[in-house]
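Here the structure is laid out as structure tokens; the discussion comes afterwards.
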Amino acid sequence: MDARTPRRTVVSVRDLRLALPAGGDRAHAVDGVSFDLVAGEILCLVGESGSGKSMCAHALMGLLPKAVKPSGGEIRLDGADLLAQDEAGWRDTRGRRIAMVFQEPMTALNPLMRIGDQMAEMFEAHGLLTPRERRARAVALAGEVGLPEPERIVRSYPHQLSGGQRQRAMIAMALALEPAVLVADEPTTALDVTTQAQILDLIRGLQRRRNMAVLFITHDFGVVADIADRVLVLRHGRVVEEGPAEAVLGRPREDYTRTLLAAVPSMDPPRREPRSGPKAVEVAGLCKTYSTGGGLWRKPRRVEAARDVAFAIHQGETVGLVGESGSGKSSVARLVMRLIEPDRGAVMLGDDDLTRLSGEALRRARSRIQMVFQDPFASLNPRRRVGQIIADGPVAHGVPRSEAEARARDLLRLVGLDPSAMERFPHEFSGGQRQRVGIARALALEPKILVADEAVSALDVSVQAQVLALLEDLKQRLGLSMLFITHDLRVAAQICDRIAVMRRGEIVELKPAGALFANPEHPYTRALLDAVPGRTRAAA
Amino acid sequence: MIGFVAGRVGKGIVVLLAIVVLNFFLIRLAPGDPALVMAGEAGAGDELFVAQLREKFGLDQPLPNQLALYVRNIASLDLGYSVRQQMPVATLIADRLPATLLLTGSAFAISLVLGVTLGALAARRAGRAADTAITGLALLFYATPLFWVSLMAIIVFSVRLEWLPSFGFESVGAGHAGLARAADIAHHLILPAMTLGLFFMAVYVRMTRASMLEVAGQDFVKTARAKGLGDRTIQRRHVLRNALLPVVTLAGLQAGTLVGGAILTETVFAWPGIGRLMYEALLQRDYNLLLGVFVVSSAMVLVFNLVTDVLYRVVDPRIEAAR
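Here the protein sequences come in this chain order: Y and A. All letters in the first sequence, in the order written, are residues 1 to 540 by full-length UniProt numbering. All letters in the second sequence, in the order written, are residues 1 to 323 by full-length UniProt numbering.
What follows is the structure, encoded as structure tokens:
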């Protein structure tokens, strides 16, 4: 913050209370939250899911879900209480005085409208400029947020842009009317780490240039460290701690903040002994090319998901596959599981080549390699009880049901759940608990190898730490080998013995975790490591 | 786009050829010798006449030659000769086609316009009285058999209220011309077009309503609100446009029934269209005519499918990329 400019408070939120419908697990989504948004300053609202941080953002825009009602407090914008204004007043405020950027740039843009038209709508909504001037401004805005070939971009549809470009377009739209306040609700969560770094830079730069007040919602302390001037930590709708970023991150006063910070995986991999036992899996020359489209008159679009991928996992070892979206890491996981057929290559489980097996032999081999999926909400059948979900695999392999269920009970205990969970349905559990069920399900067939595809990516940081600890513990106790796919280098640093960096279907670097972080060789690995948010501050 | 259309036309021709071949074998499946059937239809049975018929229609040739002849005839738009009606099939169909297209086209327009309007209205008032009334009505039309609706409509509007004529294409012998004739035809059109359109209208109401409610919950609608746009603009530009995509798919399916789908309505209202021609041909075992109608309606289905696909690519820019 520049010391010469006086702190001008643009928005002041006082004792904000948002009531949830009766019958929920708590009465208020947000309970007595106060904060100020100051021109030229970024306030980060941090918290885990359910902390009410997103509700605060939506309250500022008057865009709360119908069921949530403000029940107390005030939101003052330049002195006037926003909560007291009618719908017409809100319409005037939205976009012109407070603008918002959303989390998922794919779904936040209308798929049927050109980018430029969607930008022009901003002016149209407030009756500004002529259609021709609006178009010209849209082009100028696209240029300002760093979109390449603005003239062409404004004529494109959202699906023709990359994720980062779409988010830039969203930001351009939000800035169109030069609002005093920008609300950004997890604007980089859906983006790759290198893109995230660019978008954070962009928001930072624009905010400085235009002296905007920014409310930045995030769950990621790395992002907080990179961008925040001040931080507000929320938990269950209440403020836990507030202060300048250095103070909250460096010298947290509250236990909860300390717990959260401690749960953020560090970029320093712990020392691990190199493994050299027999190989549990050996992958050689794996190739897979997808071709989409194409027909009589058109060449198909070809995407190489795996190009000569080769690696081995020793017994008891965890190998990480890291890379950005589209790098082919999930495809490799699926190839190793033989959920998809490779074009070429071999996946050796001991002496068997999984890619060549069929029928009964394949079924038997499959039980030795099991997968934990990313989304703990979508990967469990909502209509089956947890006990059935876990016991189904062994029963399919011929284990008597009573025995399989007894084993399921043991497994639930093993993953830290009460065996009474057997009779309940997946929706009765939290995300972390569901992921434990997913792990128990994978372990039910007593596999030798576990493939974890972004298994902790959908979880809050404290839950993520618990699940990582559980995986580590299980690996030790059961002598498992693990293929761990993640986009999060911090997580990879903590759990992997060796890490393979993937780009466009190729492994560009494969090294022990410690060596990779200390001494990255490939330029792409270096770029990835540099883009991890919160690096600078953690190092300082 | 041109490549796409050319490709689809090519495929359509192949499909049509398959239908024509299938048609040919369908004739052979008809019981007995086609020549004998025709002779019977014509009311004459001596050997010489049957032999003449065979020669005239090429029935004395080997099967492959007959097939080639049939395909060549269809390709030159010769659909054969209806012995019963003593007229070329193509002429018969061409005579009846405008009436049918007028009826089904109006029904199509009525169902689409009313269905989407009412569906959008119901979605905006979801859960309130207007919504309950509209969805209730739609359910009623959806569930009631078409012929019953037709008969009830005749009883109410023609017999009791005497507002609308109960049958026919126009007033016979009234000697109307020009605009007066058009008005007369429109007057006759109202009842059959409405009853025919009701079922699809009900489908469009339900689909538009469900689709709009789904789209209303999507992120880009929130973005539009965050811009400060008014509710009407949001509903029209962001919600309705996206909600119409599944409706377009369904409208394409309905368009496929434009030629052959009005048999019941045409019969009940004595509408001189293809449907009734088909019905009569069926009763009179006029196979040539029946198969001619079959070929024409198949061709129409192909044409409308193509139109739908092109339209879909116009309204949804993502299709190009996903192909």
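Glycine included, C-beta positions come from ideal geometry on N, C-alpha and C.
Across the stretch 133 to 154 of chain Y, no CB contact with chain A closer than 9 Å is found for any residue.
If the five residues before and after residue 286 of chain A are omitted, its C-beta is found closer than 8 Å to the C-beta atoms of 41, 82, 83, 84, 85, 280, all from its own chain and listed in chain order.
Beta-bridge annotation (DSSP): residue 319 of chain A is not paired with any residue.
Interface residue (Cβ-Cβ distance to chain A less than 7 Å): residue 244 of chain Y is not classified as such. When CB distances to chain Y are screened at a threshold of 8 Å, not a single residue of the stretch 256 to 288 of chain A falls below it. Per DSSP, the beta-bridge partners of residue 70 of chain Y are Y/18. Residue 255 of chain Y carries a helical assignment under DSSP once its states are collapsed to helix, strand and coil.
At a cut-off of 7 Å between beta carbons, residue 28 of chain A makes no contact with chain Y. Against chain A, a Cβ distance below 9 Å from residue 63 of chain Y picks out 222, 225, 226. Chain Y places no beta carbon closer than 7 Å to that of residue 192 of chain A, leaving this residue out of the contacts.
For residue 164 of chain Y, the uninterrupted alpha helix (DSSP H) run begins and ends at 163 to 175, by DSSP. Proximity of chain A to residue 169 of chain Y at the Cβ level (cut-off 9 Å) is not reached, the minimal Cβ distance being about 11 Å.
Looking from the CA of residue 205 of chain Y, the closest CA among Y/517, Y/145, Y/23, Y/248 belongs to Y/145. Per the C-alpha coordinates, the member of Y/389, Y/43, Y/313, Y/522 positioned closest to residue 183 of chain Y is Y/43. The Cβ atoms of residue 278 of chain Y and residue 514 of chain Y lie no closer than 7 Å to each other.
Residue 179 of chain Y is positioned such that its CB atom lies no closer than 7 Å to that of residue 166 of chain Y. Look at residue 323 of chain Y here: in three-state DSSP terms it is coil, with no helix or strand label. Going by beta carbons, residue 79 of chain A and residue 89 of chain A fall inside the 7 Å limit. For the stretch 101 to 114 of chain Y, the set of residues with a beta-carbon nearer than 7 Å to any beta-carbon of chain A comprises 102, 104, 107, 108, 109, 110, 111, 112, in chain order. The count of Cβ pairs closer than 8 Å, one atom from the stretch 439 to 451 of chain Y and one from the stretch 412 to 431 of chain Y, reaches three, so the stretches are in contact.
For residue 392 of chain Y, the enclosing alpha helix (DSSP H) starts and ends at 386 to 396. Taking the CA atoms as reference points, residue 520 of chain Y sits about 27 Å from residue 202 of chain Y. Within chain Y, the C-beta atoms nearer than 7 Å to that of residue 219 of chain A come from 102, 104, 107, 108, in chain order. Contact between the stretch 338 to 354 of chain Y and the stretch 501 to 509 of chain Y is absent: fewer than three C-beta pairs spanning the two stretches fall below 8 Å. Contact between residue 245 of chain Y and residue 230 of chain Y holds: CB atoms are separated by about 6 Å, below the 8 Å threshold.
Neighbourhood of residue 317 of chain A in chain Y, by CB distance below 7 Å: 112, 157, in chain order. Taken atom to atom, the span from the alpha-carbon of residue 106 of chain Y to that of residue 163 of chain Y is near 7 Å. Look at residue 48 of chain Y here: in three-state DSSP terms it is coil, with no helix or strand label. Beyond the five residues adjoining it in sequence on each side, residue 477 of chain Y comes within less than 6 Å, by CB distance, of no other residue in the same chain. Leaving aside the five residues that flank residue 26 of chain Y on each side, the residues in its chain whose CB is nearer than 8 Å to its CB run, in chain order, 20, 236, 237. DSSP places residue 259 of chain A outside both helix and strand once states are collapsed to three, so it counts as coil. Below the 8 Å Cβ cutoff, chain A contributes 225, 226, 227, 228 as neighbours of residue 94 of chain Y, in chain order. Taking a 10 Å sphere around the C-beta of residue 226 of chain A, we find 16 or more other C-beta atoms and assign the residue as buried.
Where residue 165 of chain A is concerned, there is no enclosing alpha helix (DSSP H), because DSSP gives it neither an H nor an E.
Annotated three-state conformation of residue 279 of chain A is helix, per DSSP. Annotated as distal: residue 319 of chain Y and residue 187 of chain Y, with beta-carbon spacing of 7 Å or more.
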